[in-house]
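Trainee:
Protein chains: 2
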Amino acid sequence: MDDHNPAEPSTRGRYAKGIRRRQQILDRAIEVFAEVGFEGTSLRAIGEAIGVSHAALRRYFDSREELFLEILREKDLQALQRARDLHQEELGLADGLDDFASHVPGVMALRHSMVARALEPGNERSRDFFIARYDSFRDEAITSLTLARNAGTVSSQLSLPVMAALVVAAVDGLSTQWLLDNSVDMHASIELLESLIAPTAEIHTEGKTK
Amino acid sequence: MDDHNPAEPSTRGRYAKGIRRRQQILDRAIEVFAEVGFEGTSLRAIGEAIGVSHAALRRYFDSREELFLEILREKDLQALQRARDLHQEELGLADGLDDFASHVPGVMALRHSMVARALEPGNERSRDFFIARYDSFRDEAITSLTLARNAGTVSSQLSLPVMAALVVAAVDGLSTQWLLDNSVDMHASIELLESLIAPTAEIHTEGKTK
DNA sequence: GTCTATACAGGGATAGAC
DNA sequence: GTCTATCCCTGTATAGAC
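Chains as they are written, first to last, in the working numbering: chain A, 9 to 218; chain B, 9 to 218.
1) Does the CB of residue 45/B have a neighbour CB from chain A at under 9 Å?
2) So that I know if they touch, is there some Cβ in chain B lying closer than 9 Å to that of residue 204/A?
3) Answer with buried or exposed for residue 28/B, where buried requires no fewer than 16 other C-beta atoms within 10 angstroms of its C-beta.
4) Hey, residue 170/B and residue 201/B are a contact pair by Cβ (cut 8 Å); roughly how many whole angstroms apart?
5) How about residue 79/A and residue 115/A: do their beta carbons lie closer than 9 Å?
6) Looking at the C-beta of residue 211/B, does it have a partner C-beta in chain A at a distance below 9 Å?
7) Is the CB-CB distance between residue 77/B and residue 198/B below 9 Å?
8) Output yes if chain A places a C-beta closer than 9 Å to the C-beta of residue 121/B; else output no.
9) Note down, in chain order, all residues in the region 43 to 71 of chain B with a beta-carbon under 9 Å from any beta-carbon belonging to chain A.
10) In this structure, how does DSSP classify residue 135/A when only helix, strand and coil are distinguished?
11) Can the beta-carbon of residue 153/A be found closer than 9 Å to that of residue 172/A?
12) Within 8 Å, do at least three Cβ pairs link the region 179 to 186 of chain B to the region 176 to 195 of chain A?
13) Could you spell out where the alpha helix (DSSP H) holding residue 94/A opens and where it closes?
14) Roughly how many angstroms lie between the CA atoms of residue 91/B and residue 118/B, to the nearest whole one?
15) In terms of residues, what are the limits of the alpha helix (DSSP H) holding residue 56/A?
16) Do residue 51/A and residue 75/A have their C-beta atoms closer together than 9 Å?
17) Mapping the DSSP letters down to three states, classify residue 208/A as helix, strand or coil.
18) To the nearest angstrom, how far is it from the Cα of residue 40/B to the Cα of residue 121/B?
19) Please report the distance separating the alpha-carbon of residue 88/B from that of residue 37/B.
20) Using a Cβ cut-off of 8 Å, pull out every chain A residue sitting near residue 117/B, in sequence order please.
21) Taking Cβ positions, are residue 189/A and residue 139/B nearer each other than 9 Å?
22) Verify the CB distance criterion: does residue 112/A have a CB-CB separation below 9 Å to chain B?
23) According to DSSP, is residue 161/B part of a helix, a strand, or is it coil?
24) Checking contacts by CB at 9 Å: is residue 184/A closer than that to chain B?
25) Do you know how far the Cα of residue 70/A is from the Cα of residue 161/A?
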């Protein structure tokens, strides 16, 4: 997080403006990104959209990379919160998919850009973030699958970690195909995977390609 | 493709040097990329590695984007050729996985970077390339799955396009996780998916010419 | 605390000399 | 075919205004 902010943000008080500014930067940044993409979202472009010089942004974020990571952290937290509110921590993957994907335009694309950076030399901060993120997702999948196995809907012959990686990969890879071509029915593919993993549960006989 | 080259490259003749130079650029570029990543692989860095100014590269490629796309086109062709040589066009996905991934360090990471760009506004050339690429992969998967279905190893209840997207997504997503964390066993996850799709048999056999 | 102005090193693209 | 020079852009960094 950021040292400049107090532990409990308030809407008034000494740091109120700074906190609002920080949030404004994050919000505007993702808007700009949705319009002009990763390379186009320069610090200057973000600052311009707010009416502030690019140098001012650095008071709130150590680097452009950190700014983008902060957006992703925020979106993850929001998605997690929504999932908790809706009690969707179960295997209902297809249902939670839209949430994972985030409804805000550009967020998924931004995530892809940042993942790509994380795969390369350097970019330690991004790499650490995504390693932890995927670890967390696989763990959640294992938890869900364990429940399903205990309920008898998932074969006890199958390796849970191997299955978890597969499920996370499927969601990930399908989002890529969908972003490139909206006619790809990622919902159907995820439901298919669910039915293959938990055949005794409700069976969706046919998916269609829209 | 590139207009500057003749239809049939020869090792001698008027364009021989240009062709060799072009190949040299591609080879060096991927080496540089493996060392310093996407952002570090500037035209100047590539030129320096060859002993030529950055401006000279533009005689062979219209832009940096095109240069990188050309690398990916080349690697795809090489992988396809190897697959044909080894008669691995069948469902033997796990076996062909290493090939899909390309053994050259950095190629997978470069692909991720370029896919990420393709998902954003602008970058039409990249987007077209990857749309076609994923289309092609899904089609190949459908072909393989059709054979398996006719052989009775895959349920005729399942939608082939939906399954194809899932298989391609799994390979894609697993490569991401593996690049971030080598302890992820993507081979096992792919084999798991295969066994879920074709539970009745091992399908590592025979080649089919498309 | 917040922000502007400014400087720096480096990027891709490009024009024209040879 | 390759160069140099140049353009406008970028992220980063710092000094100082208020």
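The beta carbon of each residue, even a glycine, is placed where N, CA and C say it ideally should be. These figures come from a predicted structure and were not determined experimentally.
Mentor: In brief:
1) yes
2) yes
3) exposed
4) About 13 Å separates the two Cβ atoms, so there is no contact after all.
5) yes
6) With a pLDDT of only 48 at residue 211/B, under 50, the local geometry of the prediction cannot be trusted, and no value is derived from it.
7) no
8) For residue 121/B, the answer is yes, since a Cβ of chain A falls inside 9 Å of its Cβ.
9) Listed by position, the residues of the region 43 to 71 of chain B near chain A (Cβ gap below 9 Å) are 43, 44, 45, 46, 47, 48.
10) It is helical.
11) yes
12) yes
13) Taken as a continuous stretch (DSSP letters only), residue 94/A belongs to no alpha helix (DSSP H), as it is neither H nor E.
14) 21 Å
15) 51 to 58
16) yes
17) coil
18) 15 Å
19) 21 Å
20) 124, 127, 128
21) When the beta-carbon positions are compared, residue 189/A and residue 139/B come within less than 9 Å of each other.
22) At a cut-off of 9 Å, the C-beta of residue 112/A has no neighbouring C-beta in chain B.
23) coil
24) Interface residue, yes.
25) 48 Å
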